[in-house]
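> If you read the sequences in order, they're chains A and B. So for the first sequence, UniProt numbering puts the first residue at 1; every next one is plus one. So for the second sequence, UniProt numbering puts the first residue at 1; every next one is plus one. All C-beta atoms in this analysis are idealised placements derived from N, C-alpha and C, irrespective of residue type, glycine included.
2 protein chains.
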Amino acid sequence: MAAARRRQGERLPIWFMRQAGRSLPEYHRVREGVGMLEACARPELVTEITLQPVRRYGVDGAVLYSDIVVPLRVAGIDVDIVAGTGPVIAEPIRSRGDLDRVRPLDPGRADFVAESVRLLVAELGPIPLIGFAGAPFTLASYLIEGGPSKDYARTKAMMVGDPELWHDLCGRLADIAATFLTVQVEAGAQIVQLFDSWAGSLAPVDYLRFVQPHSAAVLARAAALGVPSIHFGVGTGELLPAMAAAGPDVVGVDWRVPLAEASLRIGPDHAVQGNLDPALLQAPWPVLAERVRDVIRSGAHAPGHIFNLGHGVPPNADPDVLTKIVELVHAEGPALRAEALV
Amino acid sequence: MAAARRRQGERLPIWFMRQAGRSLPEYHRVREGVGMLEACARPELVTEITLQPVRRYGVDGAVLYSDIVVPLRVAGIDVDIVAGTGPVIAEPIRSRGDLDRVRPLDPGRADFVAESVRLLVAELGPIPLIGFAGAPFTLASYLIEGGPSKDYARTKAMMVGDPELWHDLCGRLADIAATFLTVQVEAGAQIVQLFDSWAGSLAPVDYLRFVQPHSAAVLARAAALGVPSIHFGVGTGELLPAMAAAGPDVVGVDWRVPLAEASLRIGPDHAVQGNLDPALLQAPWPVLAERVRDVIRSGAHAPGHIFNLGHGVPPNADPDVLTKIVELVHAEGPALRAEALV
Chain A
1 MAAARRRQGE RLPIWFMRQA GRSLPEYHRV REGVGMLEAC ARPELVTEIT LQPVRRYGVD
61 GAVLYSDIVV PLRVAGIDVD IVAGTGPVIA EPIRSRGDLD RVRPLDPGRA DFVAESVRLL
121 VAELGPIPLI GFAGAPFTLA SYLIEGGPSK DYARTKAMMV GDPELWHDLC GRLADIAATF
181 LTVQVEAGAQ IVQLFDSWAG SLAPVDYLRF VQPHSAAVLA RAAALGVPSI HFGVGTGELL
241 PAMAAAGPDV VGVDWRVPLA EASLRIGPDH AVQGNLDPAL LQAPWPVLAE RVRDVIRSGA
301 HAPGHIFNLG HGVPPNADPD VLTKIVELVH AEGPALRAEA LV
Chain B
1 MAAARRRQGE RLPIWFMRQA GRSLPEYHRV REGVGMLEAC ARPELVTEIT LQPVRRYGVD
61 GAVLYSDIVV PLRVAGIDVD IVAGTGPVIA EPIRSRGDLD RVRPLDPGRA DFVAESVRLL
121 VAELGPIPLI GFAGAPFTLA SYLIEGGPSK DYARTKAMMV GDPELWHDLC GRLADIAATF
181 LTVQVEAGAQ IVQLFDSWAG SLAPVDYLRF VQPHSAAVLA RAAALGVPSI HFGVGTGELL
241 PAMAAAGPDV VGVDWRVPLA EASLRIGPDH AVQGNLDPAL LQAPWPVLAE RVRDVIRSGA
301 HAPGHIFNLG HGVPPNADPD VLTKIVELVH AEGPALRAEA LV
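1) Taking its Cβ as the centre, do 16 or more other Cβ atoms sit within 10 Å of L120(A), making it buried, or is it exposed?
2) Within this structure, are the beta carbons of Q282(A) and V251(A) separated by less than 9 Å?
3) With a cut-off of 9 Å, does the C-beta of G61(B) fall near any C-beta of chain A?
4) By the 10 Å Cβ neighbour count, where 16 or more other Cβ atoms means buried, how is D196(B) classified, buried or exposed?
5) Mind reading off the beta-carbon distance from P104(A) to A75(A)? Whole number of angstroms is fine, and I expect it under 8 Å.
6) Among the candidates A41(A), P136(A), G226(A), A122(A), whose CA atom is the shortest distance from the CA of V113(A)?
7) Quick one: is G147(A) near chain B, going by C-beta distance under 9 Å?
8) Is W255(B) closer than 9 Å to H311(B) when the C-beta atoms are compared?
9) State buried or exposed for A300(B), treating a residue as buried only when at least 16 other CB atoms are found within 10 Å of its CB.
10) Go ahead and label N316(A) buried or exposed: buried means 16 or more other beta carbons lie within 10 angstroms of its beta carbon, across all protein chains shown.
11) Measure the beta-carbon distance from Q52(B) to E26(B) and round it to whole angstroms, keeping in mind my assumption that it falls under 8 Å.
12) Between which two residues does the alpha helix (DSSP H) containing F137(A) stretch?
13) I need the DSSP call for S298(B), collapsed to helix, strand or coil.
14) Check the Cβ of G161(A) against every Cβ in chain B and list those closer than 7 Å, keeping chain order.
15) Run through DSSP, which three-state label would D80(B) get?
16) Which same chain residues end up closer than 7 Å to P268(B) when comparing Cβ atoms and leaving out the 5 residues on each side of it in sequence?
17) Can you tell me whether V117(B) is buried or exposed, with buried defined as 16 or more other CB within 10 angstroms of its CB?
18) Is the Cβ of T155(B) closer than 9 Å to any Cβ of chain A?
19) Whose C-beta lies closer than 6 Å to the C-beta of residue 343(B) among residues of the same chain, with five residues either side of it excluded?
20) Within its chain, find whatever has a CB closer than 6 Å to the CB of P314(B); leave out the 5 residues flanking it on each side and keep chain order.
21) Closer than 7 Å by beta-carbon distance: list the chain B residues that pair up with V257(A), in chain order.
22) F210(A) and L219(A) - do their beta-carbons sit closer together than 9 Å?
23) Quick one: list the residues of chain B neighbouring G235(A), beta-carbon separation under 7 Å, in chain order.
24) Just to confirm the assignment, what range does the alpha helix (DSSP H) spanning I266(A) have?
25) Among residues of its own chain, excluding the 5 on either side of G333(A), which ones have a beta-carbon nearer than 6 Å to its beta-carbon?
26) Pick out whichever of L72(B), D318(B), S298(B) has its Cα sitting closest to the Cα of A338(B).
27) Pick out whichever of L264(A), P258(A), P286(A), S263(A) has its Cα sitting closest to the Cα of N275(A).
28) Which whole-angstrom value describes the C-beta separation of Q193(A) and I127(A), a residue pair presumed to lie in contact below a C-beta threshold of 8 Å?
29) Which partner residues does L194(B) have in the DSSP bridge list?
30) Could you check which residue in E91(A), A62(A), P107(A) has the C-alpha nearest to that of D100(A)?
31) Rounding to the nearest angstrom, what Cα-Cα distance links A217(A) and V342(A) in this structure?
32) Check each candidate in P136(B), V292(B), I81(B) and name the one with the smallest Cα separation from D175(B).
33) For P314(A), which residues in chain B fall below 8 Å Cβ to Cβ?
34) Grab the span of the alpha helix (DSSP H) containing V34(B) for me, first residue to last.
35) Does any C-beta atom of chain B lie closer than 9 Å to the C-beta of P204(A)?
36) Where does P163(A) sit, in a helix, a strand or coil, going by DSSP?
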């Protein structure tokens, strides 16, 4: 929390995007026979899954086990998660007539989320719970493409071809995302992360014109609730200044931009989060450890640093490696940060 | 050719990466019943497929119809292209013992390539034939992963975990790629493009240490043959200075970095190629046309500009849209370039 507020000192907090879930054997045990979205809707199960990595790794934050499409489903969109594919939208949103199907999220229907958060906050004690939601562009890309996409061609075609429809759709999605975050914060989440997973596919000019205003609207709603926010997308080197200008407290950075350089791009008003290349989790430990230290040293030049990977934990990650990273960050982080600034 | 040599004046040349192949109905007709790699090995068929987009679009360059893995196969690697998957390597290269299977490319076994080039050069007249090869990193990634990958985890693990093996492998691949380009140039190709398709997955520090020297070796061999070279990868905004320093005449840029900005990053000694977002091919024509003009205006600030997409032509592209882009670039390019510089 202090790092997000740029009052960090030398302590270095750490968590992992996607720390809960598919990379943990204990997760597969409790999920057996339960569909992904069904699991997200059971507060006791969400609590257990969210706590698993906190117990195992000793990370400094818990991230609510959920999925980017959960708020869409709560808002009435027919969406499912198909194993091996990802989110699949039964009827994609492609014309103005389809827009009526994107209705506001009724917080009363997100009771299971509030309940999960309440259970978690009670269990977590001093460890903050990170709430989360997908940003309007990434949500829109799923709704328009009908599922995951390689090039977001239909999404971009709507964006530039029918800007009015695009902005109406994203306005609705911003409201859904903000309401979903509000439910989590009002139930006790202390910080939120807004994921714009696929924003890095955009040219900066399109990001600024068609995406940033809607992300900014969501982040402003989070700020009004008094909690700090983190904003992240992968491959966003060119977008970092624009994502920072959307108003988060912390900008998540993937592994392609060193954190010190990222901090120069986003300026002194934002902390950074990241950014170890998750592919390096398969490297020999001495090499990986040195790369962890490089990330720590680089992050010391930002006004706040939350250690993380530069993207989510891969499904085949070895949990023991993640444990060692947490130990290293906690043991060596303060000294490495202090040294880097001498 | 003049643009590549930074003696362009106001004319604006255009071609499309992957202009030959899967997006053209006439391609599907001639490929019927013929496997991808089998097609690459038949000079008459290669000639026909390579000429199809030149006839249809009136582009200023032909690019040899081939595949990034063709030189690997000529060098004796057991590789095939599986429809819907991509290249599949029968026995991936993962240890020093595997290295023996990566042997030099015998130019005598690439006669079918030389023959294709000779046939093409005779047909093309003044239109230059662009030779092509995959860069060592991208070739290595296929060999190590065994096929396409999302995160290149095994590749990166070898790179940082066993640098000696990595450099030995990439040295061999650089020699294969350079020999493959040499065959094409000696048969008449006037310019070459070295594709490092997936280099954008790397952190700059890894690119510089583990990749750039090997790409530089290939580009130096091309330079020694007296032909200009183009070097391209997708998502390489952070790598542009390092890719330029590898020694190509032209740096290909994807759509994430405006060409004027890319030119600032790579300096005055390199022309640029690109960089219309291929996803925008599905946008309404007036919008798309304006984006084409934006690319032209931005590219005018580089010391040379070859118009292209920022990545390959998507399989579902409408060829008529590409025709209109060529017409626009030829009709308006010179005036737009002149105006942009006033």
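On the basis of the supplied data:
1) With 16 or more other CB atoms across the displayed protein chains lying within 10 angstroms of its CB, L120(A) is buried.
2) Between Q282(A) and V251(A), the C-beta spacing is not below 9 Å.
3) So, not an interface residue.
4) Buried is the call here.
5) At roughly 7 Å, the Cβ-Cβ gap stays under 8 Å, so P104(A) and A75(A) are in contact.
6) Relative to V113(A), the option among A41(A), P136(A), G226(A), A122(A) whose CA is nearest is A41(A).
7) Answer no: the Cβ-Cβ gap between G147(A) and chain B never drops below 9 Å.
8) Yes, Cβ-Cβ distance for H311(B) and W255(B) is below 9 Å.
9) By the neighbour-count rule (16 or more Cβ atoms within 10 Å), A300(B) is buried.
10) The residue in question, N316(A), is exposed, as its Cβ has fewer than 16 Cβ neighbours within 10 Å.
11) Confirmed, Cβ separation roughly 5 Å.
12) Membership of F137(A) in the alpha helix (DSSP H) is indicated by the continuous run 136-145.
13) The answer is helix: DSSP assigns S298(B) an H, G or I state.
14) Ordered by position in chain B, the residues that pass the 7 Å Cβ test against G161(A) are A283, P284, V287.
15) Here DSSP, grouped into helix, strand and coil, assigns D80(B) to strand.
16) P303, listed in sequence order.
17) Classified as buried, V117(B) has 16 or more neighbouring CB atoms from the shown chains inside 10 Å of its CB.
18) T155(B) has a beta carbon lying within less than 9 Å of a beta carbon in chain A.
19) Look at the range of chain B in this structure, 1 to 342, and you will see that residue 343(B) is not part of it.
20) Result list for P314(B): P278, in chain order.
21) Correct list: E238.
22) With a cutoff of 9 Å on beta-carbon distance, L219(A) and F210(A) are scored as not near each other.
23) Result: G235.
24) Looking at the DSSP string, the run of the alpha helix (DSSP H) that includes I266(A) is 259-266.
25) Here the set comprises L12, I296.
26) Its Cα nearest to that of A338(B), the residue S298(B) stands out among L72(B), D318(B), S298(B).
27) Selection L264(A), P258(A), P286(A), S263(A) evaluated against N275(A) yields P258(A) as nearest (Cα-Cα).
28) Under the criterion of beta carbons closer than 8 Å, Q193(A) and I127(A) do not qualify as touching, at roughly 15 Å.
29) L194(B) is bridged to A133(B), H231(B).
30) The shortest C-alpha to C-alpha distance from D100(A) to any of E91(A), A62(A), P107(A) is the one to E91(A).
31) Rounded to whole angstroms, A217(A) to V342(A) spans 39 Å at the Cα level.
32) Of the listed residues, the one whose Cα sits closest to D175(B) is P136(B).
33) Those within 8 Å of P314(A) in chain B are D151, A153.
34) Here V34(B) belongs to no alpha helix (DSSP H), and DSSP marks it neither H nor E.
35) It does; some Cβ of chain B falls within 9 Å.
36) DSSP places P163(A) in the helix class (H, G or I) of the three-state scheme.
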